[in-house]
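One structure is given here, and the rest of the page talks about it.
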Amino acid sequence: MSPTQRFFATVLGVIASAVVLIVAVVNLGKTPSRIEVSTAEPANRFSVSAEGKVHAPPDVALMSFGVTSERATVDQVTKENTDKMNAVIAAIKDRKVADKDIKTIVYQLNPVYTYPPSGRAYIRGYSLQQQAQVKVRDFDAVGDVIAAATAAGANEVGSLQFTIDDPETLKAQARKEAIEKAKQKAEAIADESGLRLGSLLNVSESGYTPPVPMYDRFAMMKADAAESAPAPAIQAGEQEIQVSVTLTYDVE
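Take any residue in the sequence shown, count from 1 to its spot, add 220: that is its number in our numbering.
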């Protein structure tokens, strides 16, 4: 090897060593990403569910009363139907039902067509239907309200149902009962299985069963002979409110 070749070989060796040294310094203290492995295990969890139930009598009765009329013109049917509906509302209020407990739920005006065997259909008149939902808080007055409304001209009576006006307080009681049952259940299972319960991680409410309305036998009946009908006897029964909860614990 000539002196020139030896010189260049020496220079290249020095450069290569310097590059290796620089790379080593730059990476000093760094951990390669491929060995960053977490050895922490996810926390073991244990869940239990329970239900709470509260029974209570309903405190309101809901029903609807309506008037349907048919006349040749809009003015005629509107006047007749409105007069009858106003009489029905007045009769209901006379039974000590407050204004806030009466709400119009239907006001529907439609043309009535005749379809001849031949030729085009034509409007023979108009039909107007009005309905009001009534909330009765005195169950002793329910029968009188029905009788008074039909006597005043209501020719439609919706299904009578009993329910709880504000179930939130009862729902809270059912939830509290469900949580207590779930805690007792978790402790019993832990004792029997040898688990050791840690902290409570989560509480979830998985379901709420609202009070189911109890229906009377007045399902949208036509009240053609209501003037002579006696006031019906009303039985409200009892309501059930149910809440389900799930508790999730850390297991130590």
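A virtual CB, placed ideally from N, CA and C, is assigned to each residue, including glycine.
Return the chain-ordered list of same chain residues with a C-beta closer than 7 Å to the C-beta of residue i, the five sequence neighbours on each side being excluded.
{"i": "A394", "result": "G272, K273, V274, I461, Q462, V463"}
{"i": "A408", "result": "none"}
{"i": "A361", "result": "R315, K316"}
{"i": "Y335", "result": "A341"}
Looking only at DSSP bridge pairs, what is residue i linked to?
{"i": "P331", "result": "Y346"}
{"i": "A456", "result": "Paired residue(s): none; A456 is not in a bridge."}
{"i": "L421", "result": "Answer by DSSP bridge pairing: none, since L421 is not bridged."}
Just curious, the beta strand (DSSP E) that residue i is in, first and last residue?
{"i": "G286", "result": "280-291"}
{"i": "N264", "result": "264-276"}
{"i": "L467", "result": "459-471"}
In terms of alpha-carbon separation, which member of the options lies closest to residue i?
{"i": "A402", "options": "Q350, S424, K316", "result": "S424"}
{"i": "Q296", "options": "T383, S347, L282", "result": "S347"}
{"i": "A276", "options": "Q459, D470, L467, V465", "result": "Q459"}
{"i": "L329", "options": "E290, A361, A367", "result": "E290"}
{"i": "V268", "options": "A410, G457, P387", "result": "A410"}
{"i": "V377", "options": "V465, S419, M283", "result": "M283"}
{"i": "G414", "options": "A310, I309, Y333, E472", "result": "E472"}
Is residue i helix, strand or coil by DSSP?
{"i": "V317", "result": "coil"}
{"i": "I322", "result": "strand"}
{"i": "G363", "result": "helix"}
{"i": "N375", "result": "coil"}
{"i": "V368", "result": "The residue asked about is misnamed: residue 368 is Ala in this sequence, not Val. If DSSP states are grouped into helix, strand and coil, A368 belongs with the helices."}
{"i": "A307", "result": "helix"}
Which stretch, first to last residue, makes up the alpha helix (DSSP H) that contains residue i?
{"i": "R395", "result": "388-413"}
Starting from the C-beta of residue i, find all residues in its chain whose C-beta is less than 8 Å away, skip the five residues before and the five after it, and write them out in chain order.
{"i": "D321", "result": "V354, K355, V356, R357"}
{"i": "G457", "result": "P277, P278, F382, M434"}
{"i": "T298", "result": "L329, L348"}
{"i": "K313", "result": "D319, I322"}
Counting only the same chain and skipping the five closest in sequence on each side, list residues whose C-beta sits under 6 Å from that of residue i.
{"i": "Q305", "result": "According to the sequence shown, residue 305 is Met rather than Gln. Here the set comprises V287, Q350."}
{"i": "N422", "result": "T468"}
{"i": "Y327", "result": "Q350"}
{"i": "T324", "result": "A352"}
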